[in-house]
Every structure is written in C-alpha cells, then in structure tokens.
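K.L.:
Residue numbers (the working numbering): 223 to 432.
(1) Around the Cβ of residue 405, are there at least 16 other Cβ atoms within 10 angstroms (buried) or fewer (exposed)?
(2) Does the segment 242 to 249 come into contact with the segment 299 to 318, if we say contact requires no fewer than three beta-carbon pairs (one atom in each stretch) closer than 8 Å?
(3) Buried or exposed: which applies to residue 235, given that a residue is buried once 16 or more other Cβ atoms fall within 10 Å of its Cβ?
(4) Keeping to the same chain, check which residues put their C-beta closer than 7 Å to that of residue 200; ignore five residues upstream and five downstream.
(5) Report the rounded CA-to-CA distance for residue 324 versus residue 335, giving the unit in angstroms.
(6) Between which two residues does the alpha helix (DSSP H) carrying residue 252 extend?
(7) For residue 253, I'd like the list of residues in its chain whose CB is within less than 7 Å of its CB, leaving aside the five on either flank, ordered along the chain.
(8) Hey, residue 351 and residue 424: beta-carbon distance below 8 Å or not?
(9) Using a 10 Å radius around the Cβ and a threshold of 16 neighbouring Cβ atoms, would you call residue 412 buried or exposed?
(10) Hey, out of 394, 431, 389 and 367, whose CA is closest to residue 403's CA?
(11) Run through DSSP, which three-state label would residue 315 get?
(12) Output the boundary residues of the alpha helix (DSSP H) element that contains residue 327.
(13) With a Cβ-Cβ cutoff of 8 Å, do residue 359 and residue 281 count as a contact?
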C-alpha cells in the first residue's frame with residue numbers, strides 16, 4: 223500500500239483532471255457555460271492534484287523513498303505479481319494474449335528498465351532520479367491500470383464463455399480494455415525514453431537565468 227499510495231494519488235488525479243478537460247472540450251465553447259456543469263467539474267478535479275501533497279511531491283516520494291524501501295522488496299513484489307499473472311494466463315486464448323498480455327508484458331519491462339536506470343544512475347547523480355520521477359509515477363500508474371484491464375478482460379471473456387445474459391456489457395468491457403492496452407499503455411515507452419535522457423537538460427539553466 224505504501225508503494226502504491228503516491229501512484230494512486232498522483233497518477234489518478236492527473237488522469238481525472240485530463241478527463242474533465244477532454245469532456246469540457248466535447249462541448250466546444252459550451253464547455254465554459256456554467257449551466258452545463260463541465261467547468262465546475264474541471265475546477266473540482268484540478269484541486270485534487272494539490273490535495274494531500276502536490277503530485278510532483280508524490281512523484282519525488284515514490285522515487286526517493288518508496289522505490290528503495292526495504293531494499294526494493296515492495297517494487298519487486300509488484301513486478302512478480304505482474305509476471306505471475308501473465309505466466310498463469312498466457313496460451314489459453316491467442317486473441318487475449320495479443321490484446322492484453324503482450325502489451326502488459328512490454329509495459330512492465332519498460333517500468334523495470336526505468337527502475338534499473340534509477341539504481342544505476344540515481345546514486346551517482348540524484349538529479350537523474352528526481353528529473354524522471356514524474357514520468358516514473360505515470361509509468362507505474364499505466365502498468366497498474368494495464369494489469370487491472372487484463373484482469374477485467376479475462377473475467378469478461380470467461381463470462382461470455384459461460385453464457386452470461388448481459389453479453390453487451392462484457393463485450394464493451396473487452397473492447398474498452400483493448401483500446402486502453404493499444405492506445406494508452408504504450409505511453410510507458412515514451413516515459414522511459416524521457417527518464418533515460420537523465421537530468422542534464424532539466425538542470426542546464428543556471429539559477430540566474432530565471
């Protein structure tokens with residue numbers, strides 16, 4: 223729980239704010255008309271990114287404290303959880319493997335590579351870890367959601383095989399999960415690339431330049 227607390231708080235509130243902005247955008251100019259309500263949702267979602275510690279601080283806590291806690295035992299347990307789920311469920315349905323398990327495996331490898339980068343470069347220059355902390359928090363969040371979607375996809379497929387009466391619900395669940403795995407989860411590769419550039423460009427300006 224302590225490992226995932228900054229991920230849950232930081233990643234989900236960032237995503238929640240982004241969703242309200244997109245919802246507001248759907249209305250076009252009407253998104254700013256108070257009677258529709260979207261502008262209020264956007265304001266309400268924005269403050270959640272500051273409550274209980276600003277999200278940037280949550281990211282610093284994740285990388286600076288939680289990641290290395292107990293010798294990294296907690297994050298390794300998470301990696302094992304993902305690995306075990308993939309191993310236990312692969313090979314049963316080719317379409318499911320391709321749509322859910324393969325993207326999850328790739329994203330988990332990205333997350334592990336980011337953690338390894340911090341281990342190898344964060345001690346030499348702490349700024350390398352700090353500069354990548356926000357990207358790492360988002361990577362972690364995406365992998366967590368990817369795991370949840372893989373679990374939901376598995377449950378939905380089983381329900382359909384069992385002849386569930388509400389087929390439309392489970393078919394929609396699978397389609398939504400496939401969308402997330404194909405269109406959202408690959409963001410881990412972008413975050414990894416940014417992390418691996420290190421802190422040089424982030425710290426390039428002298429204080430006087432501001």
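Virtual Cβ for every residue (Gly too), placed ideally from N, Cα, C.
P.N.:
In this structure, then:
(1) exposed
(2) Verdict: no, contact absent.
(3) buried
(4) Residue 200 lies beyond the residue range present for the chain, which begins at 223 and ends at 432; the question has no answer from this structure.
(5) Taking the straight line joining both Cα atoms gives about 17 Å.
(6) First-last for residue 252: undefined, no H or E at that position.
(7) 246, 247, 260 and 261
(8) no
(9) exposed
(10) 367
(11) coil
(12) 324 to 343
(13) yes
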